[in-house]
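Taking it in order: structure first as structure tokens, then the write-up.
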Amino acid sequence: MKPTMEILARINKNSMKNKEETFTKLYRYLLRPDIYYQAYKNLYANSGAATKGIDNDTADGFSETKINEIIAMLKDETYTPKAVRRIYRKKPNGKQRPIGIPTFTDKLIQEALRIILETIYEPIFLECSHGFRSNKSCHTALENTKHEFNGTRWFIEGDIKSCFDNINHAVLIELITKKVKDARLIKLLHKFLKAGYMENWQYHTTYSGTPQGGIISPLLANIYLHELDKFVINTLKTKFDRPAEHEFTLQYTTLRNRLRHIRKYINKTKGTKYQQQYIDKAKSTRKLLLKTPAKSQTDKKIKYQRYADDFLVGVNGSHEDCLWIKNQLSMFISTSLRMELCVEKTLITHSSQCARFLGYNVRVNRNSTLKACGRKRYTRRSLMNLVNLSIPFKDKIEKFVLSKGIAKIKNGLLVPVHRSILVNCTDLEIIATYNAELRGICNFYGLAGDFYKLNYFGYLMEYSCLKTFAAKYQCSVSRIKWKFKDGKGRWCIAYETKTGEKYMYFAKYADGKRVMKTVDTMVNAVGMYAYSRTTFESRLKAKRCELCGTVQSECFEVHHINKVKNLKGKQFWECAMIAKKRKTLVVCKECHYKIHHQRVLLNEQ
2 MKPTMEILAR INKNSMKNKE ETFTKLYRYL LRPDIYYQAY KNLYANSGAA
52 TKGIDNDTAD GFSETKINEI IAMLKDETYT PKAVRRIYRK KPNGKQRPIG
102 IPTFTDKLIQ EALRIILETI YEPIFLECSH GFRSNKSCHT ALENTKHEFN
152 GTRWFIEGDI KSCFDNINHA VLIELITKKV KDARLIKLLH KFLKAGYMEN
202 WQYHTTYSGT PQGGIISPLL ANIYLHELDK FVINTLKTKF DRPAEHEFTL
252 QYTTLRNRLR HIRKYINKTK GTKYQQQYID KAKSTRKLLL KTPAKSQTDK
302 KIKYQRYADD FLVGVNGSHE DCLWIKNQLS MFISTSLRME LCVEKTLITH
352 SSQCARFLGY NVRVNRNSTL KACGRKRYTR RSLMNLVNLS IPFKDKIEKF
402 VLSKGIAKIK NGLLVPVHRS ILVNCTDLEI IATYNAELRG ICNFYGLAGD
452 FYKLNYFGYL MEYSCLKTFA AKYQCSVSRI KWKFKDGKGR WCIAYETKTG
502 EKYMYFAKYA DGKRVMKTVD TMVNAVGMYA YSRTTFESRL KAKRCELCGT
552 VQSECFEVHH INKVKNLKGK QFWECAMIAK KRKTLVVCKE CHYKIHHQRV
602 LLNEQ
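Numbered per the working numbering, the sequence shown spans residues 2 to 606.
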């Protein structure tokens, strides 16, 4: 029997070659054991793998027996997903975002289903879609915006109201059935959509939406919003775009022709007393030319980028054109997708002002500064009409340092202060916390043209860290610098490892500028593991306990922990996992029972 990943790799190539092709008999791939080994490999390393849903089912206890039970239920179609456990996370605007946590068995099947559907849909998604895709991210969306939106005159900032919660199940199933002709797979998908959720131990039915936190939810959202991408690129853009009647304005063309005429006379009068008069005329004419708008602005164009439910439309046209486009988008989203645009966040902004997209301020430069270009070093307005990405310092950075207690406002300025919440932590934990926060912010804003502004943010972070140490040791900041000095003009925290003493320095803000393009680390299982066997499959099929070494057991299971660093090394199994540097251990059923019941294993000696 061919590996499932090899078959899916071939399906992926077919979908790429023929984007209108429909696929049948996909459900049978859910009845193959090897796809669940791959699904487990994709899931077990996540921090949420040990998070419980409505029951105690987690990544711990994975085995061949569990796979066979899942396949048996899917085969006779008796499998029913359990309701997800709903929790809430606070959003930046103060509202609550609902998060659904499925049981691990449901996660496993959803991951297998995601692998199959992504094989088909990934090749047909458009380049303007960047959310929840392999090798795509916020940074790729922003880079495309930076290079493709040059010369844009208006921005339409789009946001769909409660996108994940308002996905219409009937519309979603209808869209999927256009591409997937498999009744059993559609039925299983429908079960997941209608599984419901538990909140405060009370069951609620789901009539619309996909739970945020579900494994398959991002892919379903992309399938749903792919229709919006097609509408903008294939319908709206085709209908709206129009070439310019004239490339340049009449006034600019007149001045440019006059300048050419004057330059001819400069060459003709070379060596005569009239040459300097023509040179002065050329200088004054070019000075006037550089102040004159060049483009006629009679063209009409639409440019579009989307990340999840946030999208940005660039319009070359009038304000009335923007209102028409916004109306068309609103009508399509309400009629075809049965959702609605968020009125508060869907704004029309002139490109000379800042529009907000994915945490950046986006605007088009109106800068007439001359710069030397080319080998001949001729001057031109090289910054005119280029897209500029900038940091919303007051809304994002200042808000962050104030909310975290890193700084306070004194006489209108931000002043670093110590963080009492970290005073009781170890030295290494304190500096690691500050480094993680500093790197996170600086890496994200690495594309900004005004990245240098984060120098002040770096100063606030460093001196807040030093003041936290000063509060811990009840001394001055200068004393802390002397205490932790490295002898090279910097300070660091020393810590012991197995290989000897190492040092952790405070992170530099400028390192974020040099970070390579960041992309989402979505696992493309078909491309990476098309012809390989997973380590979990090999380890489980070996039927040998990695703890006691027995081969005579009725069942071998995977013992899973959340983090290796949390192990104390007191038990024999803890020492084994620390030595292997693994979060998983294939053990016999007897050893697994002893591990969970805190019993001393016989092989400990």
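Glycine is no exception: its CB is placed at the ideal position from the N, C-alpha and C atoms. Fair warning: this is a prediction, and the values are worked out from it, not measured in the lab.
*Per DSSP, which residues does W155 bridge with? Please list them.*
Mapped onto the sequence shown, residue 155 falls at position 154. Partner(s): V316, H351.
*Give the straight-line distance between the Cα atoms of A531 and I117, rounded to the nearest whole angstrom.*
Counting from one through the sequence shown, the residue named residue 531 turns up at place 530. Counting from one through the sequence shown, the residue named residue 117 turns up at place 116. Because the pLDDT of A531 is 38, which lies under 50, any placement of that residue in the model is unreliable, and the number read from its coordinates should be weighed accordingly. Taking the straight line joining both Cα atoms gives about 13 Å.
*Over the uninterrupted beta strand (DSSP E) stretch that includes R307, give me the two end residues.*
The residue you call residue 307 lines up with position 306 of the sequence shown. Annotation: the continuous beta strand (DSSP E) that includes R307 extends over 302-308.
*Helix, strand or coil at V552 according to DSSP, with G and I counted as helix*: As a first step, residue 552 must be located in the sequence shown, where it is residue number 551. V552 falls in the coil class under three-state DSSP.
*Please confirm if the segment 147-157 is in contact with the segment 351-365, defined as three or more CB-CB distances below 8 Å between the two stretches.*
Verdict: yes, contact present.
*Whose C-alpha, out of L461, K400, L586, G501, is nearest the C-alpha of N94?*
By 1-based counting over the sequence shown, the position of residue 94 is 93. Considering only alpha carbons, the answer is K400.
_I need the DSSP call for R357, collapsed to helix, strand or coil._
Walking along the sequence shown from the start, residue 357 turns up at place 356. DSSP, read as helix, strand or coil, puts R357 in strand.
*Hey, I398 and D451: beta-carbon distance below 7 Å or not?*
The residue you call residue 398 lines up with position 397 of the sequence shown. The residue you call residue 451 lines up with position 450 of the sequence shown. No, these two residues do not count as a Cβ contact at 7 Å.
_Relative to the C-alpha of K499, which candidate in Y453, A471, I579, A449 has its C-alpha closest?_
In the sequence shown, residue 499 corresponds to position 498, counting from 1. A check of alpha carbon separations from K499 across Y453, A471, I579, A449 identifies I579 as the nearest.
*Own chain, CB closer than 8 Å to D512, minus 5 neighbours either side, in chain order*: Position 511 of the sequence shown, counted from the first residue, corresponds to residue 512. Listed in chain order, the non-local C-beta contacts of D512 below 8 Å within the same chain comprise R440, C443, local neighbours out to five positions each way being set aside.
*asked:* Cutting at 8 Å between CB atoms, please list the residues of its own chain near P244, excluding the five before and the five after it.
replied: Within the sequence shown, numbered from 1, the residue matching residue 244 stands at position 243. Only D300 meet the Cβ criterion.
_Local conformation of P124 per DSSP, three classes_ = In the sequence shown, residue 124 corresponds to position 123, counting from 1. Secondary structure of P124 (DSSP, three-state): helix.
*Rounded C-alpha distance that separates C549 from H560*: Position 548 of the sequence shown, counted from the start, is the residue given in the question as residue 549. Position 559 of the sequence shown, counted from the start, is the residue given in the question as residue 560. Whole-angstrom Cα-Cα distance: 14 Å.
*How would you call S352, buried or exposed, if buried means at least 16 neighbouring beta carbons within 10 angstroms?*
On the sequence shown, position 351 is the one that residue 352 refers to. So S352 ends up on the buried side.
*If you scan the segment 58-97 from start to end, which runs of the beta strand (DSSP E) of 3 or more residues do you find wholly inside it?*
DSSP runs (the beta strand (DSSP E)) wholly in the segment 58-97: 85-91.
*asked:* Less than 6 Å between C-beta atoms, sequence neighbours within five positions excluded: which residues of the same chain meet that for F458?
replied: To locate residue 458, count along the sequence shown from 1; it is residue 457. In its chain, beyond the 5 residues on either side, I398 have a beta carbon closer than 6 Å to the beta carbon of F458.
*Keeping to the same chain, check which residues put their C-beta closer than 7 Å to that of K53; ignore five residues upstream and five downstream.*
Translated into the one-based positions of the sequence shown, residue 53 becomes position 52. Counting only Cβ-Cβ distances below 7 Å, and skipping sequence neighbours, we find T59.
*Under a Cβ-count criterion, where at least 16 other Cβ atoms within 10 Å of its own Cβ denotes burial, should K137 be classed as buried or exposed?*
Working through the sequence shown from its first residue, we reach residue 137 at position 136. By the neighbour-count rule (16 or more Cβ atoms within 10 Å), K137 is buried.
*Touch check for the segment 28-47 and the segment 125-140: three-plus C-beta pairs under 8 Å?*
With the cut-off at 8 Å, the segment 28-47 and the segment 125-140 do not touch.
*asked:* In the DSSP output, what is F557 paired with across the bridge?
replied: As a position in the sequence shown, residue 557 is number 556, starting the count at 1. Paired residues: C589.
*Once you ignore the five residues that flank S533 on each side, which residues in its own chain have a CB closer than 7 Å to its CB?*
In the sequence shown, residue 533 corresponds to position 532, counting from 1. Because the pLDDT at S533 is just 44, under 50, the model does not fix this residue reliably, and the point stays unresolved.
*Own chain partners of T206 with C-beta closer than 7 Å, once the 5 adjacent residues on each side are dropped*: To locate residue 206, count along the sequence shown from 1; it is residue 205. Within the same chain, Cβ atoms closer than 7 Å to the Cβ of T206 are found at G197, the five residues on either side in sequence being excluded.
*Any idea if V524 is buried or exposed, counting beta-carbon neighbours within 10 angstroms, 16 or more meaning buried?*
Counted from its first residue, the sequence shown places residue 524 at position 523. A caution first: V524 carries a pLDDT of 46, below 50, which makes its placement in the model too unreliable to give a value.
*What do you reckon, are the CB atoms on I174 and D310 nearer than 7 Å?*
Here residue 174 is taken as the residue at index 173 of the sequence shown, counted from 1. Here residue 310 is taken as the residue at index 309 of the sequence shown, counted from 1. Going by C-beta atoms, I174 is not nearer than 7 Å to D310.
*Rounded C-alpha distance that separates L602 from V552*: Translated into positions along the sequence shown, residue 602 becomes position 601. Translated into positions along the sequence shown, residue 552 becomes position 551. With a pLDDT of 49 at L602, under the threshold of 50, the predicted position of this residue should be treated as unreliable, though the coordinate-derived value follows. If I take the Cα positions, the gap works out to 16 Å.
*Taking all protein chains shown into account, do 16 or more other C-beta atoms lie within 10 angstroms of the C-beta of H597, making it buried, or fewer, making it exposed?*
Residue numbering aside, residue 597 sits at position 596 when the sequence shown is read from its first letter. By the 10 Å Cβ count, H597 comes out exposed.
*Just reading off the alpha helix (DSSP H) that A171 is part of, what are its end residues?*
By one-based count along the sequence shown, residue 171 stands at place 170. For A171, the enclosing alpha helix (DSSP H) begins and ends at 170-180.
*Would you kindly work out how many angstroms separate the C-alpha atoms of K486 and E200, rounded to a whole number?*
Here the question's residue 486 lines up with position 485 in the sequence shown. Here the question's residue 200 lines up with position 199 in the sequence shown. Roughly 52 Å between the two C-alpha positions.
*DSSP puts M199 in a beta bridge; with which residues?*
For the purposes of this step, residue 199 is taken as residue 198 along the sequence shown, with counting starting at 1. Residue pairing by DSSP puts M199 in a beta bridge opposite R86, Y204.
_Start and end residues, alpha helix (DSSP H) containing G406_ = The count along the sequence shown starts at 1 and reaches residue 406 at position 405. Counted as a single uninterrupted DSSP element, the stretch harbouring G406 is not any alpha helix (DSSP H), since DSSP gives it neither H nor E.
*Which residues in the same chain as I481 place their Cβ atom closer than 6 Å to its Cβ, once the five residues preceding and following it in sequence are excluded?*
As a working mapping, residue 481 is identified with position 480 in the sequence shown. Once the five neighbours on either side are set aside, the close Cβ partners of I481 are L467, F470, A471.
_For I100 and Y89, which I take to be in contact (beta-carbon distance under 8 Å), what is that distance rounded to the nearest angstrom?_
Numbered from its first residue, the sequence shown carries residue 100 at position 99. Numbered from its first residue, the sequence shown carries residue 89 at position 88. The Cβ separation is near 7 Å, so the contact holds.
*Figure out for me which residue from V363, V587, R87 has the closest Cα to the Cα of L390.*
For the purposes of this step, residue 390 is identified with residue 389 of the sequence shown, where counting begins at 1. When each option's Cα is compared against that of L390, the closest is V363.
*Quick one: Cα of E144 to Cα of A449, how far?*
As a position in the sequence shown, residue 144 is number 143, starting the count at 1. As a position in the sequence shown, residue 449 is number 448, starting the count at 1. If you draw a straight line from the Cα of E144 to the Cα of A449, it is about 10 Å long.
*Under 8 Å Cβ to Cβ from R11, same chain only, skipping five residues before and after it: list those, please.*
Reading the sequence shown from its first residue, position 10 is the one you call residue 11. For R11, where only same-chain residues beyond five positions count, there are no Cβ hits under 8 Å.
*Touching by the beta-carbon criterion (3+ pairs, under 8 Å), the segment 215-222 and the segment 262-273*: Touching, no, given that fewer than three Cβ pairs across the two stretches are closer than 8 Å.
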